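Heads up: the sequence shown at position 282 corresponds to 291 in the numbering used here, and the numbers run straight through without jumps. This report refers to the structure that appears directly beneath it.
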Amino acid sequence: MDIINKSDRYSPLKDFCDYMIKERTPGCVLVVYRKGEKAFEYAAGVSSIETGKPMQGNEYFNIYSCSKIMTVTAAAQLLENGSYLLGDPLGEYISEFRDMKVRTKDGVVDAQNKITVGDLFSMTAGLDYNLNSESIKRARELTGGAMDTAEVVRCIASEPLSFEPGTHWQYSLCHDVLAGLVSIITGMKFRDYVKENILDPLDMHETVYHATPEIEALMAEQYTFVPKNGSEITDIVEAQKKGTSGGYTSDGSFKNVGKRVSHILGPEYDSGGAGITTTTPDYAKLIAALSRGGLGLTGERILAPATVELMKVNRLDSEQLRDFNWSALRGYGYGLGVRTHIDQAKSGSIAYLGEFGWGGAAGATVICDTKAELGLFFAQHTLNPREEWYQPRLRNVAYSCID
10 MDIINKSDRY
20 SPLKDFCDYM
30 IKERTPGCVL
40 VVYRKGEKAF
50 EYAAGVSSIE
60 TGKPMQGNEY
70 FNIYSCSKIM
80 TVTAAAQLLE
90 NGSYLLGDPL
100 GEYISEFRDM
110 KVRTKDGVVD
120 AQNKITVGDL
130 FSMTAGLDYN
140 LNSESIKRAR
150 ELTGGAMDTA
160 EVVRCIASEP
170 LSFEPGTHWQ
180 YSLCHDVLAG
190 LVSIITGMKF
200 RDYVKENILD
210 PLDMHETVYH
220 ATPEIEALMA
230 EQYTFVPKNG
240 SEITDIVEAQ
250 KKGTSGGYTS
260 DGSFKNVGKR
270 VSHILGPEYD
280 SGGAGITTTT
290 PDYAKLIAAL
300 SRGGLGLTGE
310 RILAPATVEL
320 MKVNRLDSEQ
330 LRDFNWSALR
340 GYGYGLGVRT
350 HIDQAKSGSI
360 AYLGEFGWGG
370 AAGATVICDT
380 KAELGLFFAQ
390 HTLNPREEWY
400 QPRLRNVAYS
410 CID
């Protein structure tokens, strides 16, 4: 692709991408917006190791947990229109969540706290990331794998919680449930709500929840990085957890794992946590809008500035911050579904306080900042990407380019 570089100041980002393909990924694409204008766009490496096809920049990627940015944006729109309050019990909207059980060392007991809508945003509801629970397995069998989002969410409610709601932080299916909440409140399929209220207003026509064969043909090959004398990681949750611990090494090999996402449970299930397939330039439009307080490049507003500011307010107390201990996230708290920069001394980052975003299991990364009006989306297709190595470096390089 032709490189877009509005200023020589952005050249370090090209150098960083070129370094990435020498060390830890076959190929990557980076798009940066600053103050509503595309400041930088670059593709490096190859989209297929097998064929050696150069990365063009318009390839589709499974962005896994970067999908959560879309989900919390959609759910925040319903907060704005008065559909719920963050302190409302979830059971008021999804009855199956009214009387929950908690798994303790003494067995399964009645939950004393109610899950709130805010708990879903902040991953403090007590849910886990088990999409292979017995209730979901039974429902898949009964529906022939055609469960919709709301049905999956109701299955999730039948499983005991890991802890009392509101007491700890745990990476989980909270945002899948949040997508179900949007679907139930609006009476729409989650994908249709997102298309009508976010994708179409932002002129995003390459972002989908279920990749067709035609889109799969345009997708970059998906790999997992297997370190020398290490183990292969293909599970998306383990890829993020284990990708943020341990040492960095470029000594290893890439294994092609196919283009499917195991956490998408059939054609009717719109996964709020990991369901999006998109191109880098297209998804960057959403990040650009958030960096401008919800104002899209089209002039359409998807969120109020005050709502975006609320998204990046840390919601975790000291106990929950101890749970939020991934090494890539030192100096960060967690807001309405996004990491948020709260302590430069701990992070060692030159990013402004309040920088927010998230990452995906195959190495996609969102960096967003309303103060700098910086919106960055980086995509690669490599499970086990070692977030703790590349994310802080990418962030520092990006901020070094700001004048």
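We put the beta carbon where it would ideally sit given N, CA and C, even for glycine. Small disclaimer: the values here were computed from a predicted structure and weren't measured.
C-alpha distance - residue i paired with residue j, whole-angstrom precision
{"i": "Gly340", "j": "Leu325", "result": "13 Å"}
{"i": "Asn139", "j": "Ile165", "result": "9 Å"}
{"i": "Gly346", "j": "Val111", "result": "23 Å"}
{"i": "Gln179", "j": "Met64", "result": "36 Å"}
{"i": "Thr158", "j": "Leu22", "result": "39 Å"}
{"i": "Ala371", "j": "Asp119", "result": "37 Å"}
{"i": "Ser254", "j": "Pro35", "result": "Only weak support is given to the placement of Ser254: the predicted model assigns it a pLDDT of 36, under 50, and the value that follows is read from those uncertain coordinates. So the two alpha carbons sit approximately 22 Å from each other."}
{"i": "Glu32", "j": "Ala220", "result": "29 Å"}
{"i": "Arg402", "j": "Asp212", "result": "31 Å"}
{"i": "Ser270", "j": "Pro314", "result": "Note that residue 270 is Val in the sequence shown here, rather than Ser. Roughly 33 Å between the two C-alpha positions."}
{"i": "Leu208", "j": "Glu318", "result": "21 Å"}
{"i": "Ser356", "j": "Leu330", "result": "14 Å"}
{"i": "Trp367", "j": "Glu396", "result": "11 Å"}
{"i": "Tyr408", "j": "Val117", "result": "48 Å"}
{"i": "Thr307", "j": "Ala293", "result": "13 Å"}
{"i": "Ile78", "j": "Gln400", "result": "17 Å"}
{"i": "Thr113", "j": "Phe70", "result": "39 Å"}
{"i": "Ala360", "j": "Val406", "result": "10 Å"}
{"i": "Arg18", "j": "Asp24", "result": "12 Å"}
{"i": "Gly261", "j": "Lys237", "result": "4 Å"}
{"i": "Glu364", "j": "Gly342", "result": "11 Å"}
{"i": "Gly267", "j": "Ala229", "result": "10 Å"}
{"i": "Ala226", "j": "Ser57", "result": "12 Å"}
{"i": "Val217", "j": "Cys410", "result": "31 Å"}
{"i": "Ile145", "j": "Arg200", "result": "21 Å"}
{"i": "Tyr257", "j": "Thr80", "result": "Note that Tyr257 scores 39 on pLDDT, short of 50, meaning its location in the model is unreliable and no value can be drawn from it."}
{"i": "Thr60", "j": "Asn265", "result": "12 Å"}
{"i": "Ala248", "j": "Leu392", "result": "In this predicted model, Ala248 has a pLDDT of only 49, less than 50, meaning its place in the structure is not dependable; the value taken from the coordinates is given anyway. Rounded to whole angstroms, Ala248 to Leu392 spans 6 Å at the Cα level."}
{"i": "Ala72", "j": "His350", "result": "The amino acid occupying residue 72 in the given sequence is Ile; Ala does not appear at that position. In a straight line, the C-alpha of Ile72 is about 22 Å away from that of His350."}
{"i": "Leu170", "j": "Asp332", "result": "16 Å"}
{"i": "Asp412", "j": "Phe49", "result": "14 Å"}
{"i": "Leu362", "j": "Tyr202", "result": "32 Å"}
CA nearest to the CA of residue i, picked from the options
{"i": "Val40", "options": "Phe172, Leu274, Leu392 and Val375", "result": "Val375"}
{"i": "Asp291", "options": "Met29, Asp378, Ser76 and Asp24", "result": "Ser76"}
{"i": "Gly153", "options": "Ile285, Leu274 and Val322", "result": "Leu274"}
{"i": "Tyr232", "options": "His390, Tyr28, Thr176 and Lys204", "result": "His390"}
{"i": "Ile194", "options": "Tyr408, Leu87 and Glu143", "result": "Leu87"}
{"i": "Ala134", "options": "Ser20, Gln121 and His177", "result": "His177"}
{"i": "Trp398", "options": "Arg18, Tyr28, Asp201 and Ser20", "result": "Tyr28"}
{"i": "Asp352", "options": "Val322, Ala373 and Gly368", "result": "Val322"}
{"i": "Met156", "options": "Lys268, Gly189, Val81 and Tyr102", "result": "Gly189"}
{"i": "Ser142", "options": "His272, Ala52 and Val266", "result": "His272"}
{"i": "His214", "options": "Gly175, Leu295, Arg301 and Ala148", "result": "Leu295"}
{"i": "Gly100", "options": "Asp24, Lys198, Thr82 and Ile124", "result": "Ile124"}
{"i": "Glu277", "options": "Glu205, Gln121 and Ser192", "result": "Ser192"}
{"i": "Thr82", "options": "Leu338, Val38 and Ala297", "result": "Ala297"}
{"i": "Ser300", "options": "Glu309, Asp412, Asp378 and Trp335", "result": "Asp378"}
{"i": "Asn206", "options": "Leu170, Gly305 and Phe234", "result": "Gly305"}
{"i": "Gln121", "options": "Ala148, Ala85, Pro174 and Leu136", "result": "Pro174"}
{"i": "Glu223", "options": "Ala85, Thr287 and Gly61", "result": "Thr287"}
{"i": "Ala373", "options": "Lys204, Gly303 and Ser74", "result": "Ser74"}
{"i": "Asp115", "options": "Phe172, Thr289 and Ile30", "result": "Phe172"}
{"i": "Ile30", "options": "Ser20, Ala53 and Gly344", "result": "Ala53"}
{"i": "Cys26", "options": "Pro394, Asn393, Phe387 and Asp412", "result": "Phe387"}
{"i": "Asn67", "options": "Tyr102, Glu50 and Thr289", "result": "Thr289"}
{"i": "Lys414", "options": "Glu309, Cys37 and Leu312", "result": "Residue numbering for the chain in the displayed model covers 10 to 412; residue 414 lies beyond these limits and cannot be assessed."}
{"i": "Asp137", "options": "Val162, Arg147 and Thr349", "result": "Val162"}
{"i": "Ser336", "options": "Met320, Arg348, Glu50 and Lys198", "result": "Arg348"}
Residue i: first and last residue of the uninterrupted alpha helix (DSSP H) it sits in
{"i": "Phe106", "result": "Neither: Phe106 is in no alpha helix (DSSP H) and is coded neither H nor E."}
{"i": "Val186", "result": "Cys183 to Thr195"}
{"i": "Asp201", "result": "Phe199 to Val203"}
{"i": "Phe130", "result": "Val126 to Ser131"}
{"i": "Pro401", "result": "Glu396 to Ser409"}
{"i": "Phe25", "result": "Ser20 to Glu32"}
{"i": "Val162", "result": "Thr158 to Ala166"}
{"i": "Leu88", "result": "Ser76 to Glu89"}
Residue i: CB within 7 Å of a non-hydrogen atom of the ligand NAD
{"i": "Met213", "result": "Within the structure as shown, the ligand NAD is missing, as the structure has no ligands at all."}
Segment limits, beta strand (DSSP E) that includes residue i
{"i": "Asn71", "result": "Tyr69 to Asn71"}
{"i": "Ile376", "result": "Thr374 to Asp378"}
{"i": "Asp119", "result": "Gly116 to Asp119"}
{"i": "Phe386", "result": "Leu383 to Gln389"}
{"i": "Lys47", "result": "Glu46 to Gly54"}
{"i": "Lys110", "result": "Lys110 to Thr113"}
{"i": "Pro236", "result": "Tyr232 to Pro236"}
Can we say the stretch 123–130 touches the stretch 82–99, given the rule of at least three CB pairs closer than 8 Å? yes
Ranges of the beta strand (DSSP E) found wholly within the stretch 262–347, counting only runs of at least 3: 286–288 and 341–343
Kindly confirm or deny that the stretch 161–177 and the stretch 101–111 touch, where touching means at least three C-beta pairs closer than 8 Å. yes
For the 8 Å Cβ check, are there 3 or more pairs between the stretch 379–386 and the stretch 43–58? yes
Is it a yes or a no for the stretch 274–287 touching the stretch 179–197, going by three-plus beta-carbon pairs under 8 Å? yes
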